[in-house]
Amino acid sequence: MRPISPSANASDTLAWFRLLGLTLLCTLAAMGVQAVIVRVFPAWADTAAMARFTAGWFTVLLFGAPGVLCGLLSKETAAEVGFRRPPGKALAGIIVAALALQPALQGLSRLWGGLLSAVLSEETFARLLEVQNAREASIARIVGEGGWGGLPAVALVLAVLPALCEELFFRGTIQRMACRGRRRAAGAILGVSLLFAAVHPDAMNTPGIFLCSVLLGYSYLWSGNLWIPAGFHLTSNLANLLPVYLPGIVPAVFPGWSIAVSLVLTAVALREVAKSCRLGEKRHPAQ
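Put into structure tokens, the structure is as follows:
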């Protein structure tokens with residue numbers, strides 16, 4: 001898979017400015033559409049349908065549209081970006097890794113929350129909790145009453161669209177641009193992961209989001225196939241919805257001993273993913 005090539009006459013700096021400009025324009029478009037809909041249909045403002053539409057619309061315009069437009073302006077095909085048939089073993093392995101990692105992510109979140117409460121002042125920590133509660137309230141509005149009838153729309157908005165659009169934007173666009181001409185991609189992956197964590201206002205889970213983004217970046221580096229990180233992202237998003245729709249069957253809080261098992265299983269699964277990708281000989285532009 002080759003790196004992004006803006007045009008024969010465009011410099012790297014111009015490519016970055018173009019991406020920034022497209023992202024800003026798409027953000028303004030999303031905000032404009034939102035303002036018009038709220039003004040024309042005020043009765044929708046506090047409904048689950050409006051919350052789902054808003055979340056989906058913003059995900060598509062903020063992340064999906066800039067990625068697609070950059071690809072079109074670069075005259076790249078979907079296959080060149082990485083949307084082609086993935087290796088079956090690698091895709092299965094990354095799904096297993098995403099599921100296996102959940103207890104470890106939850107443990108990391110609890111550890112991080114305890115550290116923040118110990119280091120920050122009570123006022124600062126209370127403000128972080130307010131942001132966290134606002135995020136959870138937003139998700140609760142999207143989920144609505146949690147009935148199975150709304151599951152397809154909820155899964156689309158909270159799982160499918162973020163997995164596809166965010167991976168196209170962060171891995172398929174930014175990471176490939178940052179990796180261009182480099183022998184080592186570690187710096188690019190870490191930088192993209194910091195940005196990825198920054199745009200997710202989830203203070204209690206920031207380390208976990210960063211860790212997942214690093215794994216997503218390396219899975220794309222290994223495979224050159226965007227379906228691999230998208231599969232991890234989608235599986236992880238769906239796993240977070242399971243306690244809502246299967247209470248009592250899927251635990252909301254994992255036992256402490258499961259963290260060690262989680263780490264071992266994740267490491268084994270990721271090793272198989274890397275091995276499968278090497279066998280496929282799909283090389284990332286940074287390699």
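Position one of the sequence shown corresponds to residue 1 (the numbering used here), numbered consecutively onward. Glycine included, C-beta positions come from ideal geometry on N, C-alpha and C.
Cβ-Cβ distance between residue i and residue j below 7 Å
i: residue 24; j: residue 69; result: no
i: residue 88; j: residue 165; result: no
i: residue 216; j: residue 229; result: yes
i: residue 61; j: residue 35; result: no
i: residue 210; j: residue 94; result: no
i: residue 153; j: residue 52; result: yes
i: residue 67; j: residue 147; result: no
i: residue 276; j: residue 90; result: yes
i: residue 185; j: residue 179; result: yes
i: residue 257; j: residue 86; result: no
Straight-line Cα distance separating residue j from residue i
i: residue 114; j: residue 204; result: 9 Å
i: residue 263; j: residue 100; result: 7 Å
i: residue 9; j: residue 76; result: In this predicted model, residue 9 has a pLDDT of only 35, less than 50, meaning its place in the structure is not dependable enough to derive any value.
i: residue 33; j: residue 138; result: 19 Å
i: residue 170; j: residue 108; result: 23 Å
i: residue 212; j: residue 197; result: 9 Å
i: residue 252; j: residue 37; result: 36 Å
i: residue 125; j: residue 270; result: 35 Å
i: residue 135; j: residue 142; result: 11 Å
i: residue 84; j: residue 168; result: 13 Å
i: residue 130; j: residue 278; result: 45 Å
i: residue 155; j: residue 238; result: 7 Å
i: residue 243; j: residue 15; result: 42 Å
i: residue 248; j: residue 110; result: 21 Å
Reference residue i, options the options, closest by Cα
i: residue 106; options: 72, 260, 133, 272; result: 260
i: residue 96; options: 125, 245, 234, 162; result: 234
i: residue 104; options: 85, 254, 176; result: 254
i: residue 31; options: 242, 46, 58, 191; result: 58
i: residue 176; options: 43, 274, 54, 222; result: 222
i: residue 191; options: 207, 172, 208, 214; result: 214
i: residue 206; options: 15, 116, 86; result: 116
i: residue 145; options: 49, 236, 26; result: 49
i: residue 18; options: 74, 45, 42, 54; result: 74
i: residue 268; options: 199, 236, 92, 195; result: 92
Range covered by the alpha helix (DSSP H) that runs through residue i
i: residue 255; result: Looking at the DSSP string, residue 255 is not in any alpha helix (DSSP H), and its letter there is neither H nor E.
i: residue 149; result: From DSSP, residue 149 is part of no alpha helix (DSSP H); its letter is neither H nor E.
i: residue 110; result: 102-119
i: residue 140; result: 122-143
i: residue 68; result: 65-73
i: residue 52; result: 48-59
Burial state of residue i, where buried means 16 or more other Cβ atoms lie within 10 Å
i: residue 56; result: buried
i: residue 71; result: buried
i: residue 133; result: exposed
i: residue 189; result: buried
i: residue 82; result: buried
i: residue 266; result: buried
i: residue 149; result: exposed
i: residue 285; result: Reliability of the predicted coordinates at residue 285 is poor, the pLDDT of 46 falling under 50, and the value obtained from them is presented with this limitation in mind. Classification of residue 285: buried, given that the 10 Å Cβ count is 16 or more.
i: residue 122; result: exposed
i: residue 13; result: exposed
i: residue 40; result: exposed
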